[in-house]
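Using our numbering, you'd call the opening residue of the sequence shown number 57 and step up by one each time.
Even glycine gets a Cβ: it sits at the ideal position worked out from N, Cα and C.
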Amino acid sequence: MQNQTKKFFLYARKSTDEAEKQVLSIEAQLTEVREFAQKENISIVREFIETKSAKKPGRDIFEQMISGIEKGEAMGILAWHPDRLARNAVDAGKIINLLDTGKLEMLKFPTFWFDKTPQGLFMLSIAFGQSKYYIDNLSENIKRGLRQKLRNGVYPGFAPIGYINELRNHTILKDPENWQLVRKLFEEYATGKYTLEQIQKLALSLGLISRRSKNILPLSRIQRMLQNPFYYGLFQFKNEIYEGIHEPIISKQLFEEVQRVMAARGKPRKEKPHYGFGFLGIFKCGECGRSITAEQHIKKSGLVFRHYRCTKKNTDCTQKYVNEKDLHLQINDIFQKVALPKDWLAPILTKLNAEEKEASQTSRTFAQNVEKEISEIENKVSRLLDMRLENTISLSEYKEKKEKLLNQKADLKQKLIDFGRKGNYWLEPMRNFILSAHKANFLFNSENLEEKRSFLQKIGSNWILQNKNASFQPQKEWALALSKSQFSVWSG
57 MQNQTKKFFL YARKSTDEAE KQVLSIEAQL TEVREFAQKE NISIVREFIE
107 TKSAKKPGRD IFEQMISGIE KGEAMGILAW HPDRLARNAV DAGKIINLLD
157 TGKLEMLKFP TFWFDKTPQG LFMLSIAFGQ SKYYIDNLSE NIKRGLRQKL
207 RNGVYPGFAP IGYINELRNH TILKDPENWQ LVRKLFEEYA TGKYTLEQIQ
257 KLALSLGLIS RRSKNILPLS RIQRMLQNPF YYGLFQFKNE IYEGIHEPII
307 SKQLFEEVQR VMAARGKPRK EKPHYGFGFL GIFKCGECGR SITAEQHIKK
357 SGLVFRHYRC TKKNTDCTQK YVNEKDLHLQ INDIFQKVAL PKDWLAPILT
407 KLNAEEKEAS QTSRTFAQNV EKEISEIENK VSRLLDMRLE NTISLSEYKE
457 KKEKLLNQKA DLKQKLIDFG RKGNYWLEPM RNFILSAHKA NFLFNSENLE
507 EKRSFLQKIG SNWILQNKNA SFQPQKEWAL ALSKSQFSVW SG
């Protein structure tokens, strides 16, 4: 009865750590401790529930509870076991110090005896010490297992795209669905004809997407993939290279060629000073196909003349120079033509968001229906086997029907895979395209030549200067933007 007027805090904790797998869930801890409190006539004034690991100090909820004890809001703590309170020396020390100073009068556990006596404090210290020893020992065992895994040539992490983790044997295998697609990306990039952005688009067109987000692979992911030695049989872990036992997707020669191409693209070319000419290297001469260069001349009067012209290297090209200001006006005109009208942005994004929501629901419904059909076929195969065992159908009939059902199942699985690849992956590229088209509204007044140059390269190729006029071959989506007809459907 003496506990009835005394205030207790209840503390429950369970993290996602490996060490916590066998621990009761938080709900189970709460049930056990509440029942214990009722049996012991203990009054619970507040419950503290935590999901953070106790391996290291710094648990927010735990600190709030300790603060409450120091303020005198409660005189005791209820928990399922001492290891719920502390698995490190710092937090264990806080509990023991509160007991020593009298700010904490009592600890109660359904699974552990504690009394505030020298013997009780000794047993509590042992319990806290065992918890810390378990954590330290588990950590060392994990590190030892990791070192052995590395020595065995097994990468200790998620398999990179093109591979899958084989959980039963704890190894890494080639992903039968997309390892050839990954090799295709390496082969194409090694030709030197593709930028990382183009490889990204190629990956999307091949159905190679992020396994987690189901979206287009980010450029950074594409670059890391092309630089990852894992694909030719080695892997890096904590800045150290190991020989893997997994099957390579590409040869070392192909990998090295990819690295040469990437290094060449990243290496700045030695060029003459370009005096701030923003569009060097983009245009070709429409008459002879030679490169377009740029020049700056300062007259004795101080007037500055800046223009672009054909290099006319080894040709009799008749093209004349184009004044820089005139070219800038033409480029600004292109920006205005491809720019999405400002008042179209909001309705288009609203409709894209609605499409995404609807597509997501459709995807779930489709997948559920196909999986239901697959389950029904599996049941039919099972019943078919029962019929054969009962001798109600012949062996030939059994084989024929089984083959038919398994083919149907394979078709359904392929349908599920195909739908997953197509799905709504167009939405994110479309959203990015819309935002880029909207951005064009602000480019023709911008003085950022690098940004303008990047935008030109994004919207088209085969940029030509001929008869002082700029022209280009727009990418498919930007050809639609030039017509504006595609957007009118979205804007309502």
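Cα-Cα separation between residue i and residue j, rounded to whole angstroms
| i | j | result |
| --- | --- | --- |
| D116 | F214 | 31 Å |
| K249 | V317 | 9 Å |
| Y67 | E119 | 11 Å |
| F92 | R224 | 42 Å |
| K356 | D399 | 50 Å |
| E88 | D139 | 16 Å |
| R102 | K63 | 9 Å |
| K172 | S109 | 27 Å |
| V426 | E412 | 21 Å |
| Q262 | L237 | It should be pointed out that residue 262 corresponds to Leu in this sequence rather than to Gln. Each residue's Cα considered, the two are about 7 Å apart. |
| E222 | I390 | 52 Å |
| R267 | N234 | 11 Å |
| P530 | L252 | 19 Å |
| D231 | R280 | 18 Å |
| E327 | L336 | Low local confidence applies: a pLDDT of 47 at E327 is under 50, so the model's placement there is unreliable, and no value is given. |
| S517 | K376 | 22 Å |
| M131 | I125 | 7 Å |
| L383 | L491 | 25 Å |
| N284 | F511 | 30 Å |
| L180 | E296 | 43 Å |
| K369 | P485 | 41 Å |
| F293 | A493 | 42 Å |
| R477 | K257 | Bear in mind that a pLDDT of 49 at R477, under 50, signals an unreliable position, so the number given afterwards is only what the model happens to contain. Cα to Cα, R477 sits roughly 14 Å from K257. |
| F528 | L408 | 29 Å |
| K460 | L229 | 30 Å |
| V146 | M121 | 15 Å |
| G332 | S502 | 15 Å |
| I348 | G358 | 26 Å |
| S128 | E161 | According to the sequence shown, residue 128 is Gly rather than Ser. Taking the straight line joining both Cα atoms gives about 11 Å. |
Counted within 10 angstroms of its Cβ, other Cβ atoms place residue i as buried (16 or more) or exposed
| i | result |
| --- | --- |
| H353 | exposed |
| K532 | exposed |
| F489 | buried |
| A526 | buried |
| L275 | exposed |
| V378 | buried |
| E456 | exposed |
| W534 | buried |
| K70 | buried |
| I561 | It is not possible to answer for residue 561, since the shown part of the chain is limited to 57 through 548. |
| N447 | exposed |
| W169 | exposed |
| F286 | buried |
| F165 | buried |
| Q85 | buried |
N-terminal and C-terminal residue of the alpha helix (DSSP H) that residue i is part of
| i | result |
| --- | --- |
| Y245 | W235 to A246 |
| V394 | E380 to V394 |
Boundaries of the beta strand (DSSP E) in which residue i is found, first to last residue
| i | result |
| --- | --- |
| I520 | G516 to Q522 |
| V360 | V360 to C366 |
| Q529 | N525 to P530 |
| Q352 | I348 to I354 |
| E222 | Y219 to E222 |
| T374 | Here T374 belongs to no beta strand (DSSP E), and DSSP marks it neither H nor E. |
| Y211 | Neither: Y211 is in no beta strand (DSSP E) and is coded neither H nor E. |
| I228 | T227 to K230 |
Cβ distance (whole Å) where residue i is taken to contact residue j below 8 Å
| i | j | result |
| --- | --- | --- |
| V314 | Y245 | 6 Å |
| L468 | E429 | 5 Å |
| F65 | L155 | Their Cβ separation, rounded to whole angstroms, is 14 Å, which puts F65 and L155 out of contact at 8 Å. |
| G209 | I301 | 4 Å |
| L260 | I272 | 5 Å |
Taking only runs of the beta strand (DSSP E) that begin and end inside the stretch 91 to 149, which ones reach a length of at least 3 residues, in chain order? Counting only runs of 3 or more, we get 99 to 106 and 132 to 134.
Complete beta strand (DSSP E) runs within the stretch 257 to 329 (minimum length 3 residues, chain order): You should have 290 to 293 and 296 to 299.
Which full runs of the alpha helix (DSSP H) of 4+ residues lie inside the stretch 480 to 507, going along the chain? Listed in chain order, the alpha helix (DSSP H) runs fully inside the stretch 480 to 507 are 483 to 499, counting runs of at least 4 residues.
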